Amino acid sequence: MQDYLAGLNERQKEAVLHINGPLMIIAGAGSGKTKVLTTRIAHLMAKGIDAFNILALTFTNKAAREMKERIERILGNNEARNLYIGTFHSVFARILRSEAHRLGYPNSFTIYDTDDAKSVVKTVLNEMQLDDKLYKPATVYNRISSAKNALVSPMEYATDYHIQQEDLRANRPAIAKVYDAYCKRCFKNGAMDFDDLLLKFYELLKTFPEVLSKYQHKFRYIMIDEYQDTNPAQYEIVKLLGAMHENVCVVGDDAQSIYSFRGATIQNILQFQKDYDDVKVVKLEQNYRSTQTIIHAANEVIRNNKAQIPKVLFTENASGEKIRIVRTMTDNDEGKFVADTIQEQKLRNHFSNKEFAILYRTNAQSRAFEEALRRMNIPYTMYGGVSFYQRKEIKDLVGYLRLIVNSRDEEALKRIINYPVRGIGKTTIDRVLLLANTHQITMWEVLEKADQLGFRAGTLSAIQDFVIMIKSFSSMLQKQNAYDVAFHVGKQTNLVKELFNDKSTEGLQRYENIQELLNSIKEWVESPDNEEGEVIDKTLGAYLQQITLLTDSDNKDPDADTVKLMTIHAAKGLEFACVFAAGLEEQLFPNAMAINTREELEEERRLFYVVVTRAKNKLWITYANTRYKFGSLVQNEPSRFIEELPKDHIDNTYAGGGTKMQSSFGFGSTGSVYERMNGGGWSSGKSALSAEKKYGPPPAKKTTPEYLGPKPEAKKVVEHTPSVDFQASDINDIAVGQKVEHQKFGFGEVLKLEGNQHNRMAIIRFDANGEKKILLNYARLKILS
DNA sequence: TGATCTATAATTTTT
DNA sequence: TTATAGATCA
Numbered sequence: 025m026q027d028y029l030a031g032l033n034e035r036q037k038e039a040v041l042h043i044n045g046p047l048m049i050i051a052g053a054g055s056g057k058t059k060v061l062t063t064r065i066a067h068l069m070a071k072g073i074d075a076f077n078i079l080a081l082t083f084t085n086k087a088a089r090e091m092k093e094r095i096e097r098i099l100g101n102n103e104a105r106n107l108y109i110g111t112f113h114s115v116f117a118r119i120l121r122s123e124a125h126r127l128g129y130p131n132s133f134t135i136y137d138t139d140d141a142k143s144v145v146k147t148v149l150n151e152m153q154l155d156d157k158l159y160k161p162a163t164v165y166n167r168i169s170s171a172k173n174a175l176v177s178p179m180e181y182a183t184d185y186h187i188q189q190e191d192l193r194a195n196r197p198a199i200a201k202v203y204d205a206y207c208k209r210c211f212k213n214g215a216m217d218f219d220d221l222l223l224k225f226y227e228l229l230k231t232f233p234e235v236l237s238k239y240q241h242k243f244r245y246i247m248i249d250e251y252q253d254t255n256p257a258q259y260e261i262v263k264l265l266g267a268m269h270e271n272v273c274v275v276g277d278d279a280q281s282i283y284s285f286r287g288a289t290i291q292n293i294l295q296f297q298k299d300y301d302d303v304k305v306v307k308l309e310q311n312y313r314s315t316q317t318i319i320h321a322a323n324e325v326i327r328n329n330k331a332q333i334p335k336v337l338f339t340e341n342a343s344g345e346k347i348r349i350v351r352t353m354t355d356n357d358e359g360k361f362v363a364d365t366i367q368e369q370k371l372r373n374h375f376s377n378k379e380f381a382i383l384y385r386t387n388a389q390s391r392a393f394e395e396a397l398r399r400m401n402i403p404y405t406m407y408g409g410v411s412f413y414q415r416k417e418i419k420d421l422v423g424y425l426r427l428i429v430n431s432r433d434e435e436a437l438k439r440i441i442n443y444p445v446r447g448i449g450k451t452t453i454d455r456v457l458l459l460a461n462t463h464q465i466t467m468w469e470v471l472e473k474a475d476q477l478g479f480r481a482g483t484l485s486a487i488q489d490f491v492i493m494i495k496s497f498s499s500m501l502q503k504q505n506a507y508d509v510a511f512h513v514g515k516q517t518n519l520v521k522e523l524f525n526d527k528s529t530e531g532l533q534r535y536e537n538i539q540e541l542l543n544s545i546k547e548w549v550e551s552p553d554n555e556e557g558e559v560i561d562k563t564l565g566a567y568l569q570q571i572t573l574l575t576d577s578d579n580k581d582p583d584a585d586t587v588k589l590m591t592i593h594a595a596k597g598l599e600f601a602c603v604f605a606a607g608l609e610e611q612l613f614p615n616a617m618a619i620n621t622r623e624e625l626e627e628e629r630r631l632f633y634v635v636v637t638r639a640k641n642k643l644w645i646t647y648a649n650t651r652y653k654f655g656s657l658v659q660n661e662p663s664r665f666i667e668e669l670p671k672d673h674i675d676n677t678y679a680g681g682g683t684k685m686q687s688s689f690g691f692g693s694t695g696s697v698y699e700r701m702n703g704g705g706w707s708s709g710k711s712a713l714s715a716e717k718k719y720g721p722p723p724a725k726k727t728t729p730e731y732l733g734p735k736p737e738a739k740k741v742v743e744h745t746p747s748v749d750f751q752a753s754d755i756n757d758i759a760v761g762q763k764v765e766h767q768k769f770g771f772g773e774v775l776k777l778e779g780n781q782h783n784r785m786a787i788i789r790f791d792a793n794g795e796k797k798i799l800l801n802y803a804r805l806k807i808l809s
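Quick note: the first sequence uses the numbering used here, first residue 25, plus one each step.
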């Protein structure tokens, strides 16, 4: 761990060498923030500070992992294992596991993910007999979540004038009561939601001075990454923990604050200097990531925001190529353009897949890119889908495990009580719920004493079998490790068998997922159970808590040679040689949901700043004239952010003048992409459009989006009116060569049959609509001959 | 009670 | 377009 200081610039060195006292690092995009943070921790340790006394909090597991690895590399030993590095949520959950009993929770409390939490909200709404059309669980949950993040208790919520006015105006005056009931319900279930991990930890520190003192002594040096994204709960916790030693170092960039929807407030970073005396402030303004063009553009854009800490990012990197603005006809064309350009860049400049990222505002935009990439056989990884642990089959097995660990967990109980089917249906469950509520006991307790509560004989025996089974699992937990129990549960409940017997492709996948879950438990059980003196909790309970805090991206390999697709939010902190910023359209980006106030719009702009600064060398900004939304075609204007880019740094030939087309496609290209796009037969009819039409000047400004008159030819279907006697035939009777009638596509001939028994597909040539692939499970076909 | 079908609503960002 | 919830049937 020699000269770790070499390779740092003066500013960076200043930050690293500052040991005692509060420190605020304002780190512009690509200014070596992580490097400074990790080097600083290494430096602290080199100066003799014990790793056990250092706490570093991040927002994502990924960031935590990366920091740990980098510190290990600098130190060259495994002292870094003793550092407390993790996300706010995981670190607090870990501490709460040994302290939760003080607050009346079981130490093996369950962590509810968003789905569980919404489900609790739903139960509460039902029981309060509120209309869930008006009180949508998601909306109500968001409201509760915001309150928690702002440390607003149910009581304060109910008595705050402004909050009440807001709810009243939205015609949802009962939210305060729901909030209260929700908290009580979670408590009764022995469960904490994501926000509770912060809130309850805060309460713990506030209520028990001895606990506070313990952790103040332990964490003598505190470091917070992405400080601009902290919410009031996190802010107060840091303040409490740091109050004794005041060795608090925060790193952030106000220009990259993009989580205010989650309660983050930029005030925290602006306030920092007032919270402590003698705050050392270091600004890192030199960017090592991007070209001058990109940095200049980013600076220009962010200048339009009012609220910010003054700073100017600069770089000594090459000036680089202009930013290319590309307009396409539809969202599908956008996908094709991007896939095509990636292919071309790979050939021309020898880029590998992993040097490309396609970044967008909303997850829904991924579809067009996925399709296009798949068609070109370009491997890609999509971030932000359903997490492995959110899959149904995984949640089912995990549901059993959760119930075993914490019998109060009502959500888990409801999930698995009749899966696999064991004759405890909806009627019975409702009855159990009612009994639980009237007797003020948990559902599990109702089941335990079901014999005294007058269930029908058949139902009673089903319930008793269930109770005996769960109890046998619980007792097994005393003697055997998490993996053995999980394996046994899977086997005993027939869950694994049921999936094994499902031979469809999806069934097979589900079966494999269960195997993967079991493997992961095994791996976890067998990994070393102590790190340098500290015993790691290897119980099933600890495992369950840990997996709820994992996200989709946590089990994806970032180094895999694939094109990365993700939202801009998910891309924060990452960098790529080539970036496609997609869907730069009004309504989409800035998003229609976030243009009502100046603050919201400025956050969208910061988001744009983030996406621009992800690019090292090449940046494309794309937008589509029309795209599908809820199944119908919508037309949008180009994003206002495009206009904010410095004109001399962009190449918008594509967007503006159709006449200069040939010379426009950077890198001395001959415009092959363009040719392919027009003439390559992507989908029917495109070639008929002239270049002028396709990439002509942007449409005249319109205040309201309108629907395109004629449908694009790609989507054109010659409508067919089904015969009066139309009746779907049995799909098993369909054979090659038959003449068939389809409700929508009309008459045609079956050319080919594909797929397995459960997922059969027919390729049919229709007289009026050409060849289509028809999924027999979904389509209705009538056999004519 | 359980399975299947039909109607309806919904998409901003996430630990 | 897709996912989900309620309605209907076995």
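Even glycine gets a Cβ: it sits at the ideal position worked out from N, Cα and C.
Note that the coordinates shown come from a computational prediction; the quantities given were computed from them, not determined experimentally.
Residue burial classification, residue i (beta-carbon count within 10 angstroms, cutoff 16)
i, result
"H67", "buried"
"H186", "exposed"
"L41", "exposed"
"T352", "buried"
"F497", "buried"
"R385", "buried"
"T529", "exposed"
Length of the line joining the Cα atoms of residue i and residue j
i, j, result
"A171", "P178", "8 Å"
"A510", "L542", "7 Å"
"A460", "K298", "51 Å"
"C273", "P46", "6 Å"
"A288", "Q188", "22 Å"
"T63", "L32", "9 Å"
"D253", "R89", "19 Å"
"T231", "T147", "30 Å"
"L337", "E368", "32 Å"
"N341", "K640", "10 Å"
"A322", "N401", "33 Å"
"R35", "A70", "20 Å"
"I319", "V275", "20 Å"
Same chain, Cβ closer than 6 Å to residue i, neighbours up to 5 away in sequence not counted
i, result
"T483", "T452"
"E626", "N329"
"N131", "R121, A124, H125"
For residue i, the three-state DSSP class (helix, strand or coil)
i, result
"R622", "helix"
"D220", "helix"
"R118", "helix"
"Y312", "coil"
"M152", "coil"
"I402", "coil"
"G655", "coil"
"I318", "helix"
"A104", "helix"
Beta-carbon proximity of residue i to residue j, cut-off 7 Å
i, j, result
"T134", "N505", "no"
"V470", "V491", "no"
"A257", "I326", "no"
"A381", "K588", "yes"
"R432", "T462", "no"
"A39", "V306", "yes"
"L308", "A51", "yes"
"D217", "Y136", "yes"
"G54", "Y283", "no"
"I347", "I674", "yes"
"T646", "E358", "yes"
"L79", "F243", "yes"
"R651", "D355", "yes"
Cβ neighbours of residue i in the same chain (closer than 7 Å, five flanking residues each side left out)
i, result
"I199", "V164, R167, D191"
Nonlocal neighbours in the same chain, by C-beta distance under 8 Å from residue i, ignoring five residues either side
i, result
"I98", "M25, Y28, T62, T63, A66"
"I619", "L625, E628"
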